[in-house]
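Comments concern the structure below.
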Amino acid sequence: MYNYTPSYCSNCPYMQLLRNVPDNAVTADSRDMNFSNDEIKGNLRIPVLKGSTNPRVLSYINSNLENDILEFKRQMENAASENAATKKTQNKPVIPFQISNTYSISYNKNNLISLSLIYTEIIDGISYYIRASYNYGLDSGRSLQLQDLFKPGTDYKKAINTEILNSLDKNTSFKGISDNQSFYLDGNNLVIFLGFNEIGFSPSDIPVIRIPFSKLSTMLKPELLRNI
0 MYNYTPSYCS
10 NCPYMQLLRN
20 VPDNAVTADS
30 RDMNFSNDEI
40 KGNLRIPVLK
50 GSTNPRVLSY
60 INSNLENDIL
70 EFKRQMENAA
80 SENAATKKTQ
90 NKPVIPFQIS
100 NTYSISYNKN
110 NLISLSLIYT
120 EIIDGISYYI
130 RASYNYGLDS
140 GRSLQLQDLF
150 KPGTDYKKAI
160 NTEILNSLDK
170 NTSFKGISDN
180 QSFYLDGNNL
190 VIFLGFNEIG
200 FSPSDIPVIR
210 IPFSKLSTML
220 KPELLRNI
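Pasting the structure below:
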């Protein structure tokens with residue numbers, strides 16, 4: 000099995016081919032959804048991927064993103080309704096919930112796409128942020144798990160756990176990543192969520208560990224090492 004090492008034969012034609020693969024022919028527009036009532040105010044943005052990639056794949060991904068955003072809207076509307084009912088029984092003023100979201104495409108090449116939905120909730124004047132990550136293979140539209148990034152038979156969990164522990168305090172309670180670990184790709188980095196992963200009081204408060212691909216290069220599948 001071929002193992003790619005960044006420093007090996009950097010001028011070989013095969014290495015040049017790996018580095019010169021173009022970005023995916025995928026871009027994103029958005030469709031806005033604004034609504035307001037006495038219980039909740041919302042400004043939601045639904046990303047719509049488009050391009051020359053298989054239209055069925057893009058339609059599938061777009062449907063997943065839209066469905067998740069609409070589910071977030073439904074849950075928050077229910078919570079806002081319960082909050083309003085409670086406040087009214089307590090003869091307290093009802094402060095409408097405020098919800099919104101943005102999206103970010105952090106990796107869009109090598110026939111893979113990694114994107115995130117970043118939700119904002121403002122409840123009783125306190126802001127909360129939730130980041131939900133999505134990783135897809137554009138050839139099939141399949142949602143990628145962490146193990147899909149690595150060559151079969153490699154102990155990728157041990158390597159990732161080592162990198163995480165090297166970045167954390169020695170007294171951390173971190174016990175290791177799970178089979179369904181939340182992650183996203185960002186440039187030439189694997190980004191792992193920690194703790195009660197995607198929630199924070201600001202986007203920068205969401206705890207993550209960034210691991211450069213170069214530290215995992217002997218285990219990663221070759222397509223992730225193109226253009227680094």
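With numbering that gives the first Met the number 0 as the guide, the letters of the sequence shown map in order to residues 0 to 227.
Note that CB positions come from ideal geometry on N, CA and C, so glycine has one too.
On a predicted model such as this, the values are computed, not experimentally measured, just so you know.
Quiz item: If we count the other Cβ atoms within 10 Å of its Cβ and call it buried at 16 or more, is E120 buried or exposed?
Solution: Result: buried.
Exercise. Give the single residue among N165, L48, K87, Q146 whose Cα lies nearest to the Cα of E38.
Key: K87
Quiz item: Can you list, in chain order, the residues of its chain whose CB lies under 6 Å from that of S103, leaving out five sequence neighbours each side?
Solution: S115
Quiz prompt | Whole-angstrom C-beta distance between S51 and A27, which should lie under 8 Å | solution = Not a contact, Cβ separation roughly 14 Å.
Practice problem: Spatial neighbours of E70 within its chain, please: CB distance less than 8 Å, with the 5 preceding and 5 following residues excluded, ordered by chain position. | Solution: If we look at E70 and ignore the five residues flanking it on each side, it has no Cβ neighbours.
Quiz item: Looking only at C-alpha atoms, which of N90, N82, P95, D67 sits nearest to S35?
Solution: P95
Quiz prompt | Ranges of the beta strand (DSSP E) found wholly within the region 82 to 133, counting only runs of at least 3 | solution = 96 to 108, 111 to 122
Quiz item: When you compare only the Cα positions, how much space is there between A131 and Y118?
Solution: Counting only the Cα atoms, Y118 lies some 8 Å from A131.
Quiz prompt | For I210 and R225, the rounded distance between their alpha carbons | solution = 16 Å
Quiz item: Which stretch, first to last residue, makes up the alpha helix (DSSP H) that contains I163?
Solution: 155 to 166
Quiz item: How about G136 and L164: are their beta carbons less than 8 Å apart?
Solution: Going by C-beta atoms, G136 is not nearer than 8 Å to L164.
Self-check item: Alpha-carbon to alpha-carbon, S213 and L145
Solution: Cα-Cα distance, rounded: 17 Å.
Exercise. Return yes when the Cβ of K150 is within less than 8 Å of the Cβ of I176, no when it is not.
Key: no
Exercise. Starting from L148, follow the beta strand (DSSP E) in both directions and report where the run begins and ends.
Key: First-last for L148: undefined, no H or E at that position.
Quiz prompt | C-beta atoms of L148 and L223 nearer than 8 Å | solution = Contact flag set, yes.
Quiz prompt | Supposed contact pair L189 and F182 - C-beta distance, whole angstroms, cut 8 Å | solution = 6 Å
Practice problem: Please state whether DSSP places A79 in a helix, a strand or coil. | Solution: helix
Practice problem: Inspect the beta-carbon positions of L43 and I60 and report whether they are closer than 8 Å. | Solution: no
Quiz item: Since S105 and L57 are thought to touch, with beta carbons under 8 Å apart, how far apart are those beta carbons, to the nearest angstrom?
Solution: Contact doesn't hold; Cβ gap of about 18 Å is too wide.
Quiz prompt | Pairwise C-alpha distance: D123 and N187 | solution = Each residue's alpha carbon lies about 39 Å from the other.
Quiz item: In angstroms, rounded to a whole number, what distance separates the CA positions of Q97 and P54?
Solution: 34 Å
Quiz prompt | 7 Å Cβ shell around L167 - same chain, five flanking residues per side excluded | solution = Excluding sequence neighbours, L167 sits near F173.
Quiz item: Where does S139 fall in DSSP's three states?
Solution: The three-state reading of DSSP puts S139 in coil, since its state is none of H, G, I, E or B.
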